[in-house]
Amino acid sequence: LSVAVIIMILHQLILFTPLSSIIYESIEGGILGALSWGSMMILSSFLAEALTKGKDKVKSYFLFGGLICVVLGFGFGFIWGISRTYISLPYIIVSVGISSLIYYLMYYIFEVWANNHEFVKKEKFFSVVGKNAFMLYLIHIIIVYSIYQIIPLNISSVIIFSISFVNVAIIWFIAFLMNKFKMFIVI
Numbered sequence: 007l008s009v010a011v012i013i014m015i016l017h018q019l020i021l022f023t024p025l026s027s028i029i030y031e032s033i034e035g036g037i038l039g040a041l042s043w044g045s046m047m048i049l050s051s052f053l054a055e056a057l058t059k060g061k062d063k064v065k066s067y068f069l070f071g072g073l074i075c076v077v078l079g080f081g082f083g084f085i086w087g088i089s090r091t092y093i094s095l096p097y098i099i100v101s102v103g104i105s106s107l108i109y110y111l112m113y114y115i116f117e118v119w120a121n122n123h124e125f126v127k128k129e130k131f132f133s134v135v136g137k138n139a140f141m142l143y144l145i146h147i148i149i150v151y152s153i154y155q156i157i158p159l160n161i162s163s164v165i166i167f168s169i170s171f172v173n174v175a176i177i178w179f180i181a182f183l184m185n186k187f188k189m190f191i192v193i
């Protein structure tokens, strides 16, 4: 955890220098952005340790850790601003916090709440996607880049969001077909 904090602070300090323009102009922050993305992975790994420590730790790590990250992230956001382009410290903390809270919600639905409700035990909506996650990710990239070649750059965000929902529907449809025909691609 301390390594993640040190790297986040180092990256935030870099944002106060002229090097911030390199981060801004590079794809995903470039080499300097790797510091920030790396700290996000380390912080996420710290929270994910709860999965190895038992079900009782999941709540304290993911729920409370997520809430702490969101509050700290938005608090720091008032000082430094939340910026994905610069991959700022508040952006990292808020992203990890929201991800942790969403994970806890999914965990609660499928591990806690599902034990009391029969229809959730029969769930296939999410599991079909998880069975071929890597292959579906590759198909998703092909679909997205194909669409980006067709649509103009100055298109309305409403159309972009509509296209994204269609993309998700296509991926889920492919996942259901692969599951139905028992096509599982494992690496």
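Every position in the sequence shown, counted from 1, becomes a number in this note's numbering once 6 is added.
The beta-carbon is built from N, C-alpha and C at its ideal position, and this holds for glycine as well.
Determine, using beta carbons only, whether L95 and M14 come nearer to each other than 8 Å.
yes
Excluding the 5 residues preceding and the 5 following Y30 in the sequence, name in chain order all residues of the same chain whose CB lies nearer than 7 Å to its CB.
Within the same chain, Y30 has close Cβ partners T91 and Y92.
State whether the stretch 180 to 190 contacts the stretch 133 to 142, with contact taken as three or more CB pairs (one from each stretch) at a distance under 8 Å.
Touching, yes.
Minimum C-alpha distance to I48 - residue among P24, A40, I85 and V9
V9
CB S101 to CB L53, shorter than 8 Å?
no
Contact set for K165: own chain, Cβ-Cβ below 7 Å, skip 5 residues either direction:
Reading off the sequence shown, one finds Ile at residue 165, where the question assumed Lys. Hits under 7 Å: none found.
Count Cβ pairs between the stretch 169 to 176 and the stretch 145 to 158 that sit closer than 8 Å; are there 3 or more?
yes
Can you give me the C-alpha to C-alpha distance between Q18 and E117, rounded to a whole angstrom?
37 Å
Suppose you measure from the CA of L73 to the CA of W43; what does that come to, to the nearest Å?
Their backbone Cα atoms lie some 20 Å apart in a straight line.
Going by Cα to Cα distance, which pick from I153, F171, S168 and L142 is closest to V192?
L142
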